[in-house]
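Enquirer:
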Amino acid sequence: MAKVHFKPDNITHEVPDGDALIKACDGFDDITLGFGCTEGTCGVCELTIVEGSENCSKPNENETDYLYPEDIEEGMRLGCQVRVLKDEVTLTWKGNRAK
Ligand code: FES
44 MAKVHFKPDN ITHEVPDGDA LIKACDGFDD ITLGFGCTEG TCGVCELTIV EGSENCSKPN
104 ENETDYLYPE DIEEGMRLGC QVRVLKDEVT LTWKGNRAK
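Each residue of the sequence shown is one higher than the one before, starting from 44 at the first, in the working numbering.
Written out as structure tokens, the structure is:
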């Protein structure tokens with residue numbers, strides 16, 4: 044199991060190694076990261092991997108098409124495309140809705 048820290052929500056969840064983040068988030072009703080198209084074309088799920096990018100899948104073609112290389116360099120990813128591979132990952136994102 045990997046551990047994912049969802050910084051804006053100040054919550055940590057365990058995610059099975061190799062699972063798609065969006066699949067994991069589907070089961071968590073306390074996470075405010077939003078998803079739209081789920082196919083890597085709308086950008087609603089934009090997030091930044093603060094720590095542990097080496098523990099996630101590499102950016103796929105949808106992400107390299109949608110995001111600027113310099114943003115990817117800084118850890119920006121599309122949440123609907125990322126897979127959590129192992130260990131620990133810390134994520135943050137904008138647009139945290141008020142609780
Ligand atoms: S949900 Fe649309 S790009 Fe991820």
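All C-beta atoms in this analysis are idealised placements derived from N, C-alpha and C, irrespective of residue type, glycine included.
On a predicted model such as this, the values are computed, not experimentally measured, just so you know.
Can you give me the Cβ contacts of E131 inside the same chain, cut-off strictly under 6 Å, excluding the 5 residues immediately before and after it?
Expert: Once the five neighbours on either side are set aside, the close Cβ partners of E131 are K46 and G95.
Enquirer: Report yes if the C-beta of G83 is less than 8 Å from at least one heavy atom of ligand 1; otherwise report no.
Expert: It does: the Cβ of G83 is within 8 Å (strictly closer) of some heavy atom of ligand 1.
Enquirer: Indicate whether L128 and N103 have their beta-carbon atoms separated by less than 9 Å.
Expert: Going by C-beta atoms, L128 is not nearer than 9 Å to N103.
Enquirer: If we count the other Cβ atoms within 10 Å of its Cβ and call it buried at 16 or more, is E106 buried or exposed?
Expert: By the neighbour-count rule (16 or more Cβ atoms within 10 Å), E106 is buried.
Enquirer: Pairs of beta-carbons, one from the segment 80–92 and one from the segment 105–120, closer than 8 Å: are there three or more?
Expert: Yes: the two stretches touch, three or more of their Cβ pairs being nearer than 8 Å.
Enquirer: Is C202 close to ligand 1? I mean its beta-carbon at under 8 Å from any heavy atom of the ligand.
Expert: Because the chain in this structure spans residues 44 to 142, residue 202 falls outside the shown range and cannot be described.
Enquirer: When the Cα atoms are used, what is the spatial distance from F49 to L134?
Expert: Distance between the alpha carbons of F49 and L134: 5 Å.
Enquirer: Cutting at 7 Å between CB atoms, please list the residues of its own chain near T81, excluding the five before and the five after it.
Expert: Excluding residues within five positions, the ones whose Cβ falls inside 7 Å are I65 and C123.
Enquirer: Looking at V87 and ligand 1, is the gap between the Cβ and the nearest heavy atom below 8 Å?
Expert: Within the cutoff, so yes.
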